[in-house]
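Visitor: Position 685 (the sequence shown) corresponds to 685 in UniProt numbering; numbering is contiguous.
The following block contains the structure, expressed as structure tokens.
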Amino acid sequence: MSLKTIVQIPQAPKKTKKLTKHKDVRIDNYYWLNDRENPEVVEYLNAENAYTKEVMQHTESFQKDLFEEMKGRIKEDDSSVPYKLNGYWYITRFEKGQDYPVYTRKKDSLEAPEEILFDCNEMAKGFSFFNLGSMSVSPDNTLVSFSVDTVGRRQYTIQIKNLVTGEIYPDKILNTTSSSTWANDNKTLFYCMKDEVTLRSHKIFKHKLHTDVEDDIEVFYEADETFNTFIYKSKSKKYLIIGSSSTVSSEYRIVNADTPDAEFKIFQKRKRDFEYSIAHYNDSFYIISNCDGATNFKLLKTSETKTEKRYWKEVIAHRKDVLLEDIEIFRDYLVVNERENGLNKLRIISWDGTEDYFLPFESETYTAYIGSNPDFDSDVLRYAYNSLTSPSSVIDYNFKTKLSEIKKEQEVLGGTFKKENYESKRIWATARDGVKVPMSLVYKKGVKFDGTSPLLQYAYGSYGSTIDPSFSSVRLSLLDRGFIYAIAHVRGGEYLGRDWYENGKLLNKLNTFHDFIDCSKYLIEQNYTSPKHLYAYGGSAGGMLMGAIINMNPELYNGILAAVPFVDVVTTMLDDSIPLTTGEYDEWGNPNKLEYYNYMKSYSPYDNVEAKKYPNMLVTTGLHDSQVQYWEPAKWVAKLRELKIDNNILLLHTDMDAGHGGASGRFESLKEVALEYAFLLDLEGICG
Numbered sequence: 001m002s003l004k005t006i007v008q009i010p011q012a013p014k015k016t017k018k019l020t021k022h023k024d025v026r027i028d029n030y031y032w033l034n035d036r037e038n039p040e041v042v043e044y045l046n047a048e049n050a051y052t053k054e055v056m057q058h059t060e061s062f063q064k065d066l067f068e069e070m071k072g073r074i075k076e077d078d079s080s081v082p083y084k085l086n087g088y089w090y091i092t093r094f095e096k097g098q099d100y101p102v103y104t105r106k107k108d109s110l111e112a113p114e115e116i117l118f119d120c121n122e123m124a125k126g127f128s129f130f131n132l133g134s135m136s137v138s139p140d141n142t143l144v145s146f147s148v149d150t151v152g153r154r155q156y157t158i159q160i161k162n163l164v165t166g167e168i169y170p171d172k173i174l175n176t177t178s179s180s181t182w183a184n185d186n187k188t189l190f191y192c193m194k195d196e197v198t199l200r201s202h203k204i205f206k207h208k209l210h211t212d213v214e215d216d217i218e219v220f221y222e223a224d225e226t227f228n229t230f231i232y233k234s235k236s237k238k239y240l241i242i243g244s245s246s247t248v249s250s251e252y253r254i255v256n257a258d259t260p261d262a263e264f265k266i267f268q269k270r271k272r273d274f275e276y277s278i279a280h281y282n283d284s285f286y287i288i289s290n291c292d293g294a295t296n297f298k299l300l301k302t303s304e305t306k307t308e309k310r311y312w313k314e315v316i317a318h319r320k321d322v323l324l325e326d327i328e329i330f331r332d333y334l335v336v337n338e339r340e341n342g343l344n345k346l347r348i349i350s351w352d353g354t355e356d357y358f359l360p361f362e363s364e365t366y367t368a369y370i371g372s373n374p375d376f377d378s379d380v381l382r383y384a385y386n387s388l389t390s391p392s393s394v395i396d397y398n399f400k401t402k403l404s405e406i407k408k409e410q411e412v413l414g415g416t417f418k419k420e421n422y423e424s425k426r427i428w429a430t431a432r433d434g435v436k437v438p439m440s441l442v443y444k445k446g447v448k449f450d451g452t453s454p455l456l457q458y459a460y461g462s463y464g465s466t467i468d469p470s471f472s473s474v475r476l477s478l479l480d481r482g483f484i485y486a487i488a489h490v491r492g493g494e495y496l497g498r499d500w501y502e503n504g505k506l507l508n509k510l511n512t513f514h515d516f517i518d519c520s521k522y523l524i525e526q527n528y529t530s531p532k533h534l535y536a537y538g539g540s541a542g543g544m545l546m547g548a549i550i551n552m553n554p555e556l557y558n559g560i561l562a563a564v565p566f567v568d569v570v571t572t573m574l575d576d577s578i579p580l581t582t583g584e585y586d587e588w589g590n591p592n593k594l595e596y597y598n599y600m601k602s603y604s605p606y607d608n609v610e611a612k613k614y615p616n617m618l619v620t621t622g623l624h625d626s627q628v629q630y631w632e633p634a635k636w637v638a639k640l641r642e643l644k645i646d647n648n649i650l651l652l653h654t655d656m657d658a659g660h661g662g663a664s665g666r667f668e669s670l671k672e673v674a675l676e677y678a679f680l681l682d683l684e685g686i687c688g
């Protein structure tokens with residue numbers, strides 16, 4: 001790839017800004033980019049986009065080929081596996097040539113006439129971004145509340161549609177989280193509002209059908225700025241439940257869904273470092289909690305009339321090596337989603353105590369999880385299964401017959417994919433502190449392990465979010481061209497249990513970065529690849545990971561993909577007006593405290609850019625991103641341009657229409673992937 005270009009390399013003007021905290025002064029020359037309404041800012045972002053386009057111009061036809069190739073593997077006229085709820089079968093389908101889903105239902109039978117709930121292709125007309133957030137059908141099946149975002153900042157507008165007449169009522173509820181929940185009276189709708197500045201979900205309201213939205217009643221206000229609130233209905237349909245959660249604690253309130261005007265009752269008061277979640281069954285609540293030192297969580301139960309912790313009784317004890325992730329309750333069975341040694345396990349327990357067993361899975365790099373099971377009375381568990389080499393399957397398992405039925409396996413079109421042509425495995429690298437860090441690898445058979453193969457190493461590593469080894473038809477465009485793909489299950493996720501998360505957050509955050517680097521070194525030592533052919537990719541908090549590793553060990557990587565990267569950690573965490581900041585203190589620390597300030601500053605990618613050589617880099621962001629503001633990657637790129645002493649490529653691509661999740665169309669997002677893949681493949685000299 002050549003830097004010879006007609007368009008001049010953008011240089012953001014330096015405007016000195018002193019930032020002082022704890023008597024420490026940081027100079028931020030690009031702070032001024034924090035204003036999306038400033039024409040000079042827009043001009044700079046457009047200049048970066050023009051530069052990216054110019055540098056990548058020789059790959060444009062290749063990008064189009066990649067886009068068509070990736071799109072060509074996806075079935076355009078596809079539909080979801082139907083699920084039954086309250087007498088109706090619900091189906092989501094896509095039509096050929098269309099970008100957005102069509103939501104439908106059929107009464108009683110799959111042979112019944114189709115009723116279109118929402119055609120998002122029609123609804124999206126006139127918008128550069130469109131997302132139907134969620135929908136909630138009333139218990140009598142005559143109304144549906146739905147939410148729409150046309151900007152990409154995840155501020156949704158809720159409306160109500162009459163499913164009998166097709167009329168959409170004129171009332172609009174603005175600035176919500178997207179979800180809403182009906183009481184059992186078919187006329188009371190609960191929803192959650194966001195703070196207009198911070199976008200924190202902080203208030204629960206109730207709306208009465210055919211009344212003015214201005215008269216909606218606030219039923220709960222979450223005053224603690226580190227908490228978010230939400231509302232849902234129990235699967236049993238008996239309770240409306242308000243939840244409040246922070247990184248380290250939670251609290252719930254309940255009311256009978258038949259009496260929505262009654263007062264919500266606290267289930268169990270919040271305490272710091274005390275987390276729990278609840279599910280209702282018969283006359284009891286089942287509770288997943290870390291109480292009493294249950295780091296990996298345990299299952300308890302209590303009477304619905306005595307919900308305080310002192311009444312909770314243990315059902316499944318805490319286990320040091322098994323993380324209890326989730327449960328699904330049916331009339332006759334309890335399904336427990338566990339994780340042991342990084343692998344998902346689905347445990348089936350009958351309420352009468354006669355059965356307790358696990359569904360069998362054989363691969364060592366697979367993903368299995370509980371699917372959509374809204375029908376409380378069902379004898380069938382729906383779950384999903386896939387691996388790095390096997391497309392995703394939706395499977396129905398019958399508790400009574402013990403038989404499994406694959407309802408649908410993801411089709412990979414194009415005629416060239418055969419799962420037996422690919423291999424996957426799990427390997428373990430030893431980190432600098434002696435801890436073994438797992439990696440999941442996938443590659444096409446025949447790839448050489450002599451240091452010459454290109455390898456893309458991915459990780460996230462924050463919030464306890466586990467990146468499972470799952471299939472991607474898009475990724476085949478790299479694998480088929482000789483790339484090895486590696487997921488590093490670094491500390492900060494929960495792949496190896498809750499302690500794996502605790503050891504990668506707050507004052508242990510450096511473990512996340514060190515794990516990734518030590519995995520890279522291991523991949524090089526074992527001849528899977530070499531620094532000339534090693535690439536790294538991460539997005540959002542994983543973008544912070546990218547920024548940290550190139551400050552620490554830039555020589556290990558030939559190229560970096562950083563998507564919507566969170567890189568200006570100290571400044572962002574000191575600004576409590578930015579969306580999501582205060583709720584992040586328990587993840588990153590509160591920099592208003594000197595210890596956390598110093599620790600954050602020691603790894604913050606933006607604060608640690610130096611005059612040295614950096615890898616080739618492509619950085620992507622969205623102008624309307626509400627989670628990682630566009631100015632973080634923009635400032636970072638500007639500072640890298642100023643200080644780096646190499647001739648390697650540095651590109652910033654800003655989607656001027658999208659937010660944190662990128663483009664909204666079904667295939668539109670593949671254009672950005674095509675750009676990213678073309679960037680990597682061009683660095684490898686592979687353009688075809």
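Backbone N, C-alpha and C define an ideal beta-carbon position, used for all residues, glycine too.
#1: In three-state DSSP terms, what is Leu-110?
#2: Quick one: is Val-81 near chain B, going by C-beta distance under 8 Å?
#3: Which residue's Cα is closest to the Cα of Gly-371: Ser-363, Arg-382, Glu-340, Thr-365?
#4: Where DSSP assigns a beta bridge to Glu-340, which residues make up the other side?
#5: Kindly provide the ranges of any alpha helix (DSSP H) runs that are 4 or more residues long and lie completely inside the segment 37-66, ordered along the chain.
#6: CB-CB under 6 Å to Lys-84, same chain, minus the five flanking residues each way: which ones, in chain order?
#7: Quick one, are the C-beta atoms of Lys-532 and Asn-558 less than 8 Å apart?
#8: Is it buried or exposed for Ile-517, if we count other Cβ within 10 angstroms and need 16 for buried?
#9: Assuming Pro-565 and Lys-612 make a contact with CB atoms under 8 Å, what is their CB distance in whole Å?
#10: I'd like the list of long-range same chain contacts for Gly-661, defined as Cβ closer than 6 Å, with 5 residues on each side in sequence excluded.
#11: Could you give the C-beta distance for Leu-159 and Lys-172, rounded to a whole number, given that I count them as a contact under 8 Å?
#12: Which of helix, strand or coil does DSSP assign to Trp-631?
#13: Between Thr-452 and Tyr-422, how many whole angstroms is the CB-CB distance? I'm expecting something under 8 Å.
#14: Is Gly-661 helix, strand or coil when you go by DSSP?
#15: Tell me Thr-295's beta-bridge partners as DSSP assigns them.
#16: Going by other Cβ atoms of all chains shown within 10 Å of its Cβ, with 16 needed for buried, is residue 717 buried or exposed?
#17: Run the CB neighbour count on Phe-297, radius 10 Å, all protein chains shown included, and call it buried at 16 or more, exposed below.
#18: Find the nearest neighbour of Lys-106 within the set Ile-116, Gly-97, Asp-99, Tyr-100, judged by alpha-carbon distance.
#19: If we require 4 or more residues per run, which alpha helix (DSSP H) segments fall completely within the segment 573-625?
#20: Whose C-beta lies closer than 7 Å to the C-beta of Thr-365 among residues of the same chain, with five residues either side of it excluded?
#21: Give the secondary structure of Asn-553 by DSSP, where H, G and I count as helix, E and B as strand, and everything else as coil.
#22: Are Ile-560 and Ala-536 touching if we call contact CB-CB under 8 Å?
#23: At the level of alpha carbons, what is the spacing between residue 771 and Leu-651?
#24: For Gln-8, count the other beta carbons within 10 Å of its own beta carbon; 16 or more makes it buried, fewer makes it exposed. Which is it?
#25: Please state whether DSSP places Ala-541 in a helix, a strand or coil.
#26: By DSSP's criteria, Tyr-485 is part of a beta bridge. Which residues make up the other side?
#27: So, under 8 Å CB-CB, Glu-218 and Phe-205 are touching, yes? Tell me the CB distance rounded to an integer number of Å.
#28: Leaving out the 5 sequence neighbours to the left and right, which residues in its chain are closer than 7 Å to Ser-284 when beta-carbon positions are compared?
#29: Can you look up Thr-188 in the DSSP assignment and give me helix, strand or coil?
#30: Enumerate in chain order the residues of its own chain whose CB-to-CB distance from Tyr-522 is below 7 Å, with the five nearest sequence positions on each side excluded.
#31: Would you call the segment 495-504 in contact with the segment 395-402, where contact means no fewer than 3 C-beta pairs closer than 8 Å?
#32: Using CA atoms only, rank isn't needed, just tell me which of Lys-18, His-22, Lys-17, Lys-14 is closest to Leu-594.
#33: Mind checking which residues open and close the beta strand (DSSP E) that includes Thr-165?
#34: Measuring straight from C-alpha to C-alpha, what distance separates Tyr-103 and Ile-288?
#35: For Gly-492 and Asp-258, I'd like the C-alpha separation in whole angstroms.
#36: What residue range does the alpha helix (DSSP H) around Phe-127 cover?
Guide: Inspection of the coordinates gives the following:
#1: Of the three classes helix, strand and coil, the one that applies to Leu-110 here is coil, per DSSP.
#2: Of the chains in the structure shown, none is chain B; there is only one protein chain.
#3: Looking from the CA of Gly-371, the closest CA among Ser-363, Arg-382, Glu-340, Thr-365 belongs to Arg-382.
#4: Within the DSSP secondary-structure output, Glu-340 pairs in a beta bridge with Val-322, Leu-343.
#5: Counting only runs of 4 or more, we get 39-55.
#6: Cβ neighbours of Lys-84 beyond the five flanking positions: Asp-375.
#7: A contact, by the Cβ cut-off of 8 Å.
#8: Classification of Ile-517: buried, given that the 10 Å Cβ count is 16 or more.
#9: Their Cβ separation, rounded to whole angstroms, is 19 Å, which puts Pro-565 and Lys-612 out of contact at 8 Å.
#10: Here Gly-661 scores only 48 on pLDDT, less than 50, and its place in the model should not be relied on; the value that follows carries that caveat. None.
#11: Note that residue 159 corresponds to Gln in the displayed sequence, not to Leu. Correct: roughly 6 Å between the Cβ atoms.
#12: Collapsing the DSSP output to three states places Trp-631 in a helix.
#13: Contact flag wrong, Cβ pair sits at about 19 Å.
#14: Bear in mind that the predicted position of Gly-661 carries a pLDDT of just 48, short of 50, making it unreliable; the figure below should be weighed with that in mind. In this structure, Gly-661 counts as coil in the three-state DSSP scheme.
#15: When DSSP reads this structure, Thr-295 sits in no beta bridge, so it has no partner.
#16: This structure cannot settle anything about residue 717, because the visible part of the chain is limited to 1 through 688.
#17: Only buried fits Phe-297, as 16 or more other CB atoms lie within 10 angstroms of its CB.
#18: Closest option to Lys-106, Cα to Cα, is Ile-116.
#19: Positions of the alpha helix (DSSP H) runs, each at least 4 residues long and wholly inside the segment 573-625, are given as 585-588, 594-603 in order along the chain.
#20: Ser-387, Leu-388, Ser-424, Lys-425, Arg-426, Ser-440, Pro-469.
#21: DSSP places Asn-553 outside both helix and strand once states are collapsed to three, so it counts as coil.
#22: Going by C-beta atoms, Ile-560 is nearer than 8 Å to Ala-536.
#23: Here the chain comprises residues numbered 1 to 688, so residue 771 is not present and cannot be evaluated.
#24: So Gln-8 ends up on the exposed side.
#25: Secondary structure of Ala-541 (DSSP, three-state): helix.
#26: Note: Tyr-485 sits in a beta bridge opposite Val-442, Leu-456.
#27: Contact holds; Cβ gap of about 6 Å.
#28: Listed in chain order, the non-local C-beta contacts of Ser-284 below 7 Å within the same chain comprise Lys-301, Thr-302, Ser-303, Glu-304, local neighbours out to five positions each way being set aside.
#29: In the structure shown, Thr-188 sits in a strand (DSSP, three-state: E or B).
#30: Annotation for Tyr-522: Ala-429 place their beta carbon closer than 7 Å to its own, counting only its chain and skipping 5 residues before and after.
#31: No, because fewer than three Cβ pairs between the segment 495-504 and the segment 395-402 fall closer than 8 Å, the two stretches do not touch.
#32: Nearest C-alpha to Leu-594 among Lys-18, His-22, Lys-17, Lys-14: His-22.
#33: In the DSSP assignment, Thr-165 falls outside any beta strand (DSSP E), carrying neither H nor E.
#34: Distance between the alpha carbons of Tyr-103 and Ile-288 is about 33 Å.
#35: Each residue's CA atom was taken as its position, placing Gly-492 and Asp-258 some 42 Å apart.
#36: No alpha helix (DSSP H) contains Phe-127, which DSSP labels as neither H nor E.
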